[in-house]
Structures are given as structure tokens and as C-alpha cells.
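So the structure is just underneath, and the comments pick up after that.
There are 2 protein chains.
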Amino acid sequence: MAASTLTEVARLAGVSPATASRVLNGSARTPGKDIAERVRQAAESLGYIPNAQAQGLAKSSSGLIGLIVHDIADPYFAAIARGVQEAAREQRRMVLLATTGGGPAEEKEAVAAFAARRADSIVIAGSRSCRDEDRDGNAELAAELDRYCRNGGRVAVVGHPVVGATAPDGYHVVKVPNQELAARLATELAGGWDGDFVIVGGPEGLLTSDDRVRGFQEGLERAGRRRAEVLRSAFNRSGGYDAGLELAARIKAAQSAEGGAAASKLCIFAVNDVMAIGAAAALRSEGLRIPRDAAIAGFDDIETLRDFRPALSTVRLPLEDIGRLATRATGRHAAGGDSEAAGGAPAGDITGEVTLRRSTEAAA
Amino acid sequence: MAASTLTEVARLAGVSPATASRVLNGSARTPGKDIAERVRQAAESLGYIPNAQAQGLAKSSSGLIGLIVHDIADPYFAAIARGVQEAAREQRRMVLLATTGGGPAEEKEAVAAFAARRADSIVIAGSRSCRDEDRDGNAELAAELDRYCRNGGRVAVVGHPVVGATAPDGYHVVKVPNQELAARLATELAGGWDGDFVIVGGPEGLLTSDDRVRGFQEGLERAGRRRAEVLRSAFNRSGGYDAGLELAARIKAAQSAEGGAAASKLCIFAVNDVMAIGAAAALRSEGLRIPRDAAIAGFDDIETLRDFRPALSTVRLPLEDIGRLATRATGRHAAGGDSEAAGGAPAGDITGEVTLRRSTEAAA
DNA sequence: TGGAAGCGGGAACGCGCTTTCCCAGCTAGC
DNA sequence: GCTAGCTGGGAAAGCGCGTTCCCGCTTCCA
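The listed protein sequences correspond, in order, to chains A and B. Each residue of the first sequence is one higher than the last, beginning at 1 in the numbering used here. Each residue of the second sequence is one higher than the last, beginning at 365 in the numbering used here.
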């Protein structure tokens, strides 16, 4: 038994489907009071639920918004997803979720799937990559997005524009000042730290990671410090852990070489909180303590990690807002152009905040 | 310019829409090689993407699976969502996300929205509530689900059946042995702990919380211990924090009353990890240390929290598997009845594992 | 060589809904 | 009193696709 249809409701109410449609699913024309009531009662008694697919077909708009993340279980993406979800609810739309593991090829597939579902808009979170091996994938993704936009879709990307994408109408980028914030973090850290800095970054070519690395180096330079060495590993907890093991070995070697613990201490900047936690875990597993033997800082200020001890110095990013803004940017009335003048939230105005905590205190 | 349609492809290829459909969207009948090739090329050159809405309308099935969670940013739900997402991908379906904040009324709305979209199945995660104020909401939710199932929808619920729901065809519950696992946790803890136990639970009527409380009490009893006092607060980090403050005051009072720190120590069981972390943070903020001044245990073994120090004793729940199993249970061939004999994953066979770590070590 | 069986392709209908167009009935204006 | 103008309702044409039915052609067997 399939759900009851508009026609059935209409028949029961003794009116035409057209009229039933007009009263049940908001139209410019409003039928007479008594008829409306009859229809509503018929719908109620039949438990009528409009078929969104059919509505979408007829109106060619689905009320769907597609969200692409690398991994929904990653707290970074989960936080963004929450914002997206919230904004979607405001707009009375539903969110369609796709996780891709970060590969542009899978992202392209996700875009195609969203396009097939005729999603009104797409939000892409997650770092862009410009690694060589992703070249083709990026090109295909860009092409797919381009087509999607030409067909009237709207897309918002968090962070960087998709590599190689021309910017057609409806293509919006929510800029995150990773570089600038990383620079600020570096200068603030440099103010209270005498030792050297090391950066634990993601794979080269991951733009978010690259930005943060570059920014941090800039900040050091501005503070009159020498550039930090950059260690590359996976952009997740285990990457941080691996790098942490490596660093632990060095620290221990340095300590024993110089005799006491009086050696100049290292300050580790991991390009995201999850990596920082991984690195911290590695140091700890090697018997080192933070910030006694080394300082460590992250990026993102993941909520779940705020109770971590020693409290992690990091850069707070308003992840939920980012998701919300990206979603709003794809809203119907967000027609580009005078987004500032329109009075709505000035999309793209993301800002973060350097947050120094115990993990980088000099006095251990 | 809307996306190109099957008819356009057919025209370009010089065939009828029927033929084009047969070659492009898998049918029992396969047109001739050359024609197929022509159609495929036409599709390619037009950038044809099948309209899933139209397909869904015609086939009356959408390839959509609805997921209902309280909050996607909560790591518990995020982990489940990952599993759901994975299983959905296996089945070549997409997941539609709804977050409800836990209220049955909102859950009902989500179900209705999914029904409108003609989602093939619905997975409901998140604790059921049997509080009085949710009575009406539960009834409405049950009715909505019932209707959904009667219309051929399949639903899987994680944890408990929806309160008041009769179990029609296609209604599946993924049981989580919360009670039993909590009991096991209690007995294991009792083995290495002399002091009293306190339970930090969620609001009364939240079934997951209630189960864990009940199980823990049972376990204590089995171990010959006296029942623990139960503190109630919100089922999240801040609820844990509040309870932690209260407990910290008591502990400090007891310590100063008995002079030294030699008083019998408290072991706190928070009904989930996030609450446990909150409670731990509260104790710490009051100058108490874990496990020196009190032991603490949680439940769920949230991945992001595993690096927390002192390492949290907890019960590992295979959250991802839970999501996966729930999703698979709603699969097309999961026709109920002999699910065991069917050879597939024997759904409902969720099991957890008590994991004792440093936070409950007696020797501080 | 004639007929039946089989196969590849097209015409047409239906999925459930929106929307335009049209028509009947009414009121208002001359 | 007659027509212009308006209002509320219905008929019907799609939206893009799957699918059934039908038809013309080839192939095989008698």
C-alpha cells in the first residue's frame, strides 16, 4: 500500500487535484474557506504526505542541499555539519550527506550524485588538494561543479576554491584566514618561547595545511625568528602520532646530549588539533611531558578536545558558523553581487582567535 | 538551462527515449552494441545526468536512507553516522540527515519529511525517552513510523524500540546491551575498588541512561556492594560538569572531615564518556586529581577521547558497526524472519567490551 | 518457401504533482 | 438590462523517466 496521493485526497474532498494542490501545498491562489477546510480534513483522514519527488519534478527544485565532507566522524567536519544542518533547517531544506575520504574523484562522484538528485545547492567542506596525483581528479571535479552551476545549482566551498574551477554564477567560497591566523599564532607563541619551532604538517599539497604552514613561518619571520622545520605526515591523529614519535626521539637525544633538561625546548605546531593530540600522545608515550619537555599547539579548537590536559593552545575557528554561512551563501536570495549591502550575514567574514593555553606555557 | 534529459540524449542519438533508457539505466533488455554505443556517446557529449527524482517517481523508490540523530556534532552520533554512511555506500544509496535535539516531536517531523522524500528506509539513533512530557510526542512518532512502515518503509532503531510502537513489518531494533555491559563494568570496577560508587546519570526516563544506571546497580549488587547513589543531570558534557562540581564539593568535605586524604575514595560512573569528561573537568577545576582523589569511568569509548589523560575507563561500543548494522537491517533483502539463517550479518548482535584504564586505578 | 518464433526498437501510458489555461457564475457599471 | 470584469474552480499539459505493449524484421525449422 503506497502512501495516499493528492488525487485521492481530492476525490475524497470532492474537488479537483488542482484545487487540492492549491490548498495543501501553498499556492498564489487560495481556494474558498469551506473548500479548503474540506480538503484539509480529507488529507488529515487519509494521512496524506505530499510526494516531495513529484513536487520536485514539477517545480524542478528539490529542497535538498548536499554536504560533502571527508569523514563525518571527524569532529572538525561534524562541527561544520552541525552548522550546515542548522542553516538548512532555517531554509526548510534537508541535507544530503556524502563522505569522500578526501579524494577529488570521490568528491566528483558525490557532486554527480547530488546533481542527479537535483540538490538545490552543494556545500563542500574539507581541504582542497593540489597534489600531482589529484590533478585529474581536480579537473574532473571542477568540470562537474561547473556543469552543476550552469544548470542552476549553487555551490559553496569552505576554504579554497576547487582547484581549476572557473567561477561561474552561484559558486561561492567561504574564506578561512588560515594563513593569517597561523601567523598570529606564531608571533604570539614566539613572544613567550625561546626555543625552536617545528611544524607538523599534513601532506604537501593539502591547501589548508599548506596555508597554515606558510602562515606560521611568516609569523615566525615577523617575530624575528628563524623558519621552522616542517615534518609531513597524514592529516589526522595517527599522522600526528607518527610525527610525535619522531620528535620525541630527537628531544630525548638532545636532552641526553646536553646533559640535563636545560636544553632549549621545542615548540611543536601541528596544523590541526587532532594531529596535535596525536603528537602529544606520542610524546607522552615516550615518557616526555608537556609543556615541560616540549610545547605544543594545534589549530581549530575542536570542542571535544577542550578538556584535554594540558589544555591545548590553538586557534579557535567558528566551525559551526562556517557551515552555517556556507549554507546561507547558497540560499535562494543570495544572488551574489552586493552581498554586503544586502544586509544579510556578510558571508566570508570568518575570523578566528588565537587561544593560548597551558600546553605552550614556558614555565613548566 | 536545466540539465539535459533522457529525451534529448535519445534525440541526439537518433533513437527513442525507451531505447536510451534501456542502455543508460540498466534494464533487463539490452539494445544492440552499436546503438548502445551511440546512445552512450550522446549522453557523454551532453553531460547527461539521470534525474533521480523522475526515476524515483517512475520506480517508486528513491535510493535514499534517512538518518535521525540528536546532534551530528556529538561524537557518539558522528561515529554511528559514519557507519551508516558506509553501509549506505555499499547499497549505493544516499543518506539524508536530520538532527532533532532529542525531542520526539522533532523526530516525528523528521520521519514525516523522510516519508515525503520517499526514503526507502530510516535509521533512528539516539536514546528513546519515556518521560511524561514526551508521552504525546512518542505517540505521534510511533504513529508516524507506523504509517511509514505500512507504506512499505523500513526502519531501524538503535537501542530501544520507539515507545508505544507496535512492531509492523520492516521495523527493526538494533539492541545494545547497555544494561549488561554496565553491570560487567560495575563488577570489574568493584573488584579493584574499596570505596563507594556514585552514578552520574542523564535525566530519568532517558532509556539508554536508565539502562546503564540499572545495569551498574545490578553489577554492584552481584559483587556484594551496596547500591550507588544516582545524580541526575543533562546527558552531555555540561551535565557531567555540573554533577562533577557537586561531587567535588562532597569529596573535599569528606577529605577535610576525615583529616587526611586517607578517606575512602569515590568511584564515579558517568553514563557516557562525554559526561565523564565533563565530570573530570569539574573535579580538576576544583583542584582534585584523578584517580588520586576519585576514580571515574564512562561509557561508549569515544574515539576522540581516547587520548584523554588520565585514560578513561569505559565500555567500548562498536558505534560504527552499530550504524552499519542498523542500515543493513533496512536493506532490501533483509526481509525479516530468518535473519540468522540468511547468512548475512546477524543483526542485533552488538557487543561491547569493558575497558579499564588509568582513571580507575586504585593506586594513585 | 512458408510460417512461427525471437529479437530489437518505438509509441504510449503512468508515476504524483504544479501550473497554465479556460470556463461558469457572479458582481458591478453604464 | 446588458455586458465588462472578476473570481473560484476544473481540465489538461507537462516535469523526466520506467515500462508495458506492440510492431517490423530476422532467423530457424519444417
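Glycine included, C-beta positions come from ideal geometry on N, C-alpha and C.
Quiz item: Between the C-alpha atoms of threonine 724 of chain B and serine 677 of chain B, what's the straight-line distance to the nearest angstrom?
Solution: One C-alpha to the other measures close to 6 Å.
Exercise. Just the chain A side, please: which residues come within less than 7 Å of glutamine 449 of chain B by C-beta, in chain order?
Key: Per Cβ cutoff of 7 Å: Ile72, Leu97, Thr99.
Quiz item: Nearest-angstrom Cα distance between leucine 420 of chain A and phenylalanine 599 of chain B?
Solution: The displayed coordinates of chain A run from 1 to 364. Any statement about residue 420 of chain A would go beyond what the structure contains.
Exercise. Going by DSSP, name the residue or residues bridged to glutamate 593 of chain B.
Key: Listed as beta-bridge partners of glutamate 593 of chain B by DSSP are B:Val562.
Practice problem: Could you pull out every residue in the same chain whose Cβ sits closer than 8 Å to the Cβ of glycine 378 of chain B, ignoring the five residues on either side in sequence? | Solution: Beyond the five residues adjoining it in sequence on each side, glycine 378 of chain B comes within less than 8 Å, by CB distance, of Arg402 in the same chain, given in chain order.
Quiz item: Do you know how far the Cα of arginine 306 of chain A is from the Cα of glycine 651 of chain B?
Solution: For glycine 651 of chain B and arginine 306 of chain A, the distance between alpha carbons rounds to 18 Å.
Quiz item: If you drop the 5 nearest sequence neighbours on each side, which residues of the same chain put their C-beta closer than 6 Å to that of tyrosine 48 of chain A?
Solution: Contacts found: Ser4, Val9.
Self-check item: Pick from B:Val562, B:Val577, B:Ile563 that is closest to glycine 569 of chain B, judged by C-alpha positions
Solution: Nearest C-alpha to glycine 569 of chain B: B:Val577.
Self-check item: Proximal residues of chain A, C-beta to C-beta of glycine 501 of chain B below 8 Å
Solution: Taking a Cβ-Cβ threshold of 8 Å, none of the residues of chain A is close to glycine 501 of chain B; the smallest such distance is about 18 Å.
Practice problem: Check the Cβ of serine 426 of chain B against every Cβ in chain A and list those closer than 8 Å, keeping chain order. | Solution: Under a criterion of Cβ atoms nearer than 8 Å, the residues of chain A adjacent to serine 426 of chain B are, in order, Gln53.
Quiz item: What alpha helix (DSSP H) runs, 4 residues minimum, are completely inside the region 491-516 of chain B?
Solution: Complete alpha helix (DSSP H) runs here, min 4: 499-514.
Quiz item: How about alanine 156 of chain A and threonine 330 of chain A: do their beta carbons lie closer than 8 Å?
Solution: Result yes, Cβ atoms of alanine 156 of chain A and threonine 330 of chain A sit closer than 8 Å.
Quiz item: Got a sec, what are the start and stop residues for the beta strand (DSSP E) arginine 154 of chain A sits in?
Solution: 154-158 is the extent of the beta strand (DSSP E) around arginine 154 of chain A.
Practice problem: Return no unless some Cβ of chain B is closer than 8 Å to the Cβ of asparagine 25 of chain A. | Solution: No, no contact with chain B.
Quiz prompt | Classification of asparagine 415 of chain B by the beta-carbon crowding that lies within 10 angstroms, buried from 16 upward | solution = Asparagine 415 of chain B should be labelled buried.
Quiz item: Whose C-beta lies closer than 7 Å to the C-beta of aspartate 558 of chain B among residues of the same chain, with five residues either side of it excluded?
Solution: Excluding residues within five positions, the ones whose Cβ falls inside 7 Å are Ser628.
Quiz prompt | Strand pairing of glycine 740 of chain B, partner residues [DSSP] | solution = Only positions 365 to 728 of chain B appear in this structure, which leaves residue 740 of chain B out of reach.
Quiz item: So what does glutamate 221 of chain A bridge to, in DSSP terms?
Solution: Bridge partners of glutamate 221 of chain A: none, in fact.
Quiz item: What is the rounded straight-line gap between the Cα of leucine 683 of chain B and the Cα of alanine 248 of chain A?
Solution: Cα-Cα distance, rounded: 33 Å.
Quiz item: With 16 as the cutoff for other CB atoms within 10 Å, does threonine 668 of chain B come out buried or exposed?
Solution: Around the C-beta of threonine 668 of chain B, 16 or more other C-beta atoms lie within 10 Å, and the residue is accordingly described as buried.
Quiz item: If we ignore side chains and look at the alpha-carbon of each, how far apart do alanine 608 of chain B and histidine 70 of chain A end up?
Solution: Strictly speaking, residue 608 of chain B in this sequence is glycine, with alanine absent from that position. About 35 Å.
Quiz item: Can you find at least 3 beta carbon pairs, one from the region 78-90 of chain A and one from the region 23-34 of chain A, that sit closer than 8 Å?
Solution: The region 78-90 of chain A makes no contact with the region 23-34 of chain A: fewer than 3 CB pairs, one atom from each, lie closer than 8 Å.
Practice problem: Specify, as a first and last residue, the run of the alpha helix (DSSP H) that valine 39 of chain A falls within. | Solution: It spans 33-46 - the alpha helix (DSSP H) in which valine 39 of chain A sits, taken as one unbroken run.
Quiz item: Using 8 Å as the Cβ pair cut-off and three pairs as the minimum, do the region 657-667 of chain B and the region 416-425 of chain B touch?
Solution: Put simply, the region 657-667 of chain B does not touch the region 416-425 of chain B. Fewer than three CB pairs are less than 8 Å apart.
Self-check item: leucine 630 of chain B - DSSP class collapsed to helix/strand/coil
Solution: It is a strand residue.
Self-check item: Between the CA atoms of glycine 528 of chain B and leucine 67 of chain A - distance to the nearest angstrom
Solution: Straight-line Cα distance between these residues: approximately 34 Å.
Quiz prompt | Beta-carbon proximity check, alanine 88 of chain A vs threonine 351 of chain A, cutoff 8 Å | solution = No, the Cβ-Cβ distance between alanine 88 of chain A and threonine 351 of chain A is not below 8 Å.
Quiz item: In chain order, what residues of the region 210-242 of chain A put their CB closer than 7 Å to some CB of chain B?
Solution: For the region 210-242 of chain A, the set of residues with a beta-carbon nearer than 7 Å to any beta-carbon of chain B is empty.
Exercise. Compute the Euclidean distance between the alpha carbons of lysine 252 of chain A and glutamate 246 of chain A, then round it to the nearest angstrom.
Key: In this structure, the alpha-carbon of lysine 252 of chain A lies about 10 Å from that of glutamate 246 of chain A.
Quiz item: By Cβ distance, which residues of its chain are closer than 8 Å to tyrosine 512 of chain B, with the 5 residues on each side in sequence left out?
Solution: Contacts found: Val475, Phe478, Ala479, Ile486, Val519.
Quiz item: serine 573 of chain B by DSSP, collapsed to three states: which one?
Solution: Three-state DSSP puts serine 573 of chain B in a helix.
Exercise. Determine, using beta carbons only, whether methionine 639 of chain B comes closer than 8 Å to chain A.
Key: Not a single CB atom of chain A sits nearer than 8 Å to the CB of methionine 639 of chain B.
Quiz item: Which residues, taken in chain order from the region 122-151 of chain A, show a beta carbon closer than 8 Å to some beta carbon of chain B?
Solution: Listed by position, the residues of the region 122-151 of chain A near chain B (Cβ gap below 8 Å) are Arg147, Arg150, Asn151.
Quiz prompt | Test: arginine 673 of chain B CB closer than 8 Å to a CB of chain A | solution = Arginine 673 of chain B has a beta carbon lying within less than 8 Å of a beta carbon in chain A.
Exercise. If I'm right that arginine 227 of chain A touches glutamine 217 of chain A with Cβ under 8 Å, what's the distance once you round it to whole angstroms?
Key: About 5 Å; that satisfies the 8 Å criterion.
Self-check item: Cβ-based neighbour list, threonine 19 of chain A, same chain, cut-off 6 Å, excluding 5 preceding and 5 following
Solution: Contacts found: Pro31.
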